[in-house]
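Numbering (full-length UniProt numbering), first residue to last: 1 to 174. Note that CB positions come from ideal geometry on N, CA and C, so glycine has one too.
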Ligand code: FES
């Protein structure tokens with residue numbers, strides 16, 4: 001095989017001629033096709049989620065659920081928990097400074113960041129956009145959250161902490 005001089009077209013380019021500009025150019029039609037396919041895939045994904053939620057609706061919380069023993073969460077502390085078989089929402093159980101207990105969904109009502117109890121403020125804080133909730137009622141005190149944190153009722157029986165759904169007509173555990 002004869003050696004090519006500098007500047008000459010290599011053999012492979014003669015065998016497989018590729019126009020670099022043509023190869024990297026994306027036509028308007030191809031771009032529109034890509035957008036169409038991408039939008040279609042998104043629509044299918046959303047449709048699948050809607051169908052799944054219709055076919056397998058998430059169960060509302062029913063009955064009373066054991067969470068922990070009273071000595072497991074010190075005063076001024078919180079713990080996170082989930083309840084198997086119900087909506088897969090993490091919840092927080094708070095042992096308030098005055099010894100009372102409260103439980104809320106941990107998802108902020110603004111953009112679903114995880115909230116946490118701040119014993120120094122006696123409030124629940126959402127660190128994402130500085131939203132603050134009342135630690136007794138879940139009511140918004142400050143910031144962008146549009147709604148109170150959904151709350152569970154806490155029942156303490158013989159040093160054991162349980163939660164159950166709050167009555168709809170009594171939305172806050174004051
Ligand atoms: S997500 Fe909580 S304040 Fe924005």
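Q | Bridge partners - residue 165, DSSP secondary structure assignment | A | By one-based count along the chain shown, residue 165 stands at place 165. Residue pairing from DSSP places residue 165 in a beta bridge opposite 152.
Q: Classify residue 80 as buried or exposed, calling it buried when 16 or more other Cβ atoms lie within 10 Å of its own Cβ.
A: Position 80 of the chain shown, counting from 1, holds the residue named residue 80. So residue 80 counts as exposed.
Q.
Is residue 143 close to the ligand FES? I mean its beta-carbon at under 6 Å from any heavy atom of the ligand.
A. Taking the chain shown and counting its residues from 1, one reaches residue 143 at position 143. Here the distance from the Cβ of residue 143 to the nearest heavy atom of the ligand FES is below 6 Å.
Q. By how many angstroms is the C-alpha of residue 105 removed from the C-alpha of residue 20?
A. Reading the chain shown from its first residue, position 20 is the one you call residue 20. Reading the chain shown from its first residue, position 105 is the one you call residue 105. Cα atoms of residue 20 and residue 105: separation of roughly 56 Å, rounded to the nearest angstrom.
Q) So, using beta-carbon positions, are residue 117 and residue 83 closer together than 7 Å? A) Translated into the one-based positions of the chain shown, residue 117 becomes position 117. Translated into the one-based positions of the chain shown, residue 83 becomes position 83. Against a cut-off of 7 Å, the Cβ pair of residue 83 and residue 117 comes out as no contact.
Q) Helix or strand or just coil, what does DSSP make of residue 201? A) The structure shown has nothing for residue 201, since the chain only spans 1 to 174.
Q.
Quick check on this structure: which residue in 161, 85, 120 has the alpha carbon closest to the alpha carbon of residue 72?
A. Counted from its first residue, the chain shown places residue 72 at position 72. Ranking the options by Cα distance to residue 72, first place goes to 161.
Q) How many Å lie between residue 108 and residue 134 at the Cα? A) Start at 1 with the first residue of the chain shown, and residue 108 comes out as number 108. Start at 1 with the first residue of the chain shown, and residue 134 comes out as number 134. Separation of residue 108 and residue 134 (C-alpha to C-alpha, rounded to the nearest whole angstrom) is 13 Å.
Q.
How far does the beta strand (DSSP E) with residue 125 in it extend, from its first residue to its last?
A. If you number the chain shown from 1, residue 125 lands on position 125. Taken as a continuous stretch (DSSP letters only), the beta strand (DSSP E) holding residue 125 covers 123-126.
Q. Just how far apart, CA to CA, sit residue 132 and residue 113?
A. In the chain shown, the residue the question calls residue 132 occupies position 132. In the chain shown, the residue the question calls residue 113 occupies position 113. Roughly 12 Å between the two C-alpha positions.
Q: State buried or exposed for residue 97, treating a residue as buried only when at least 16 other CB atoms are found within 10 Å of its CB.
A: Counted from its first residue, the chain shown places residue 97 at position 97. Exposed.
Q | As assigned by DSSP and simplified to three states, the class of residue 103 | A | As a position in the chain shown, residue 103 is number 103, starting the count at 1. Strand at residue 103.
Q: Determine the DSSP secondary structure at residue 24, reduced to helix, strand or coil.
A: Here the question's residue 24 lines up with position 24 in the chain shown. Helix at residue 24.
Q | Buried or exposed by the 16-neighbour rule on C-beta atoms within 10 Å, applied to residue 65 | A | The count along the chain shown starts at 1 and reaches residue 65 at position 65. Buried, because 16 or more other Cβ atoms sit within 10 Å of the Cβ of residue 65.
Q. Just checking my contact of residue 63 with residue 164 at CB under 8 Å: how many whole Å lie between their CB atoms?
A. By 1-based counting over the chain shown, the position of residue 63 is 63. By 1-based counting over the chain shown, the position of residue 164 is 164. The C-beta distance from residue 63 to residue 164 rounds to 7 Å, short enough to meet the 8 Å contact threshold.
Q: Put residue 114 into one of helix, strand or coil per three-state DSSP.
A: As a working note, residue 114 is residue 114 in the chain shown. In the structure shown, residue 114 falls within a strand segment according to DSSP collapsed to helix, strand and coil.
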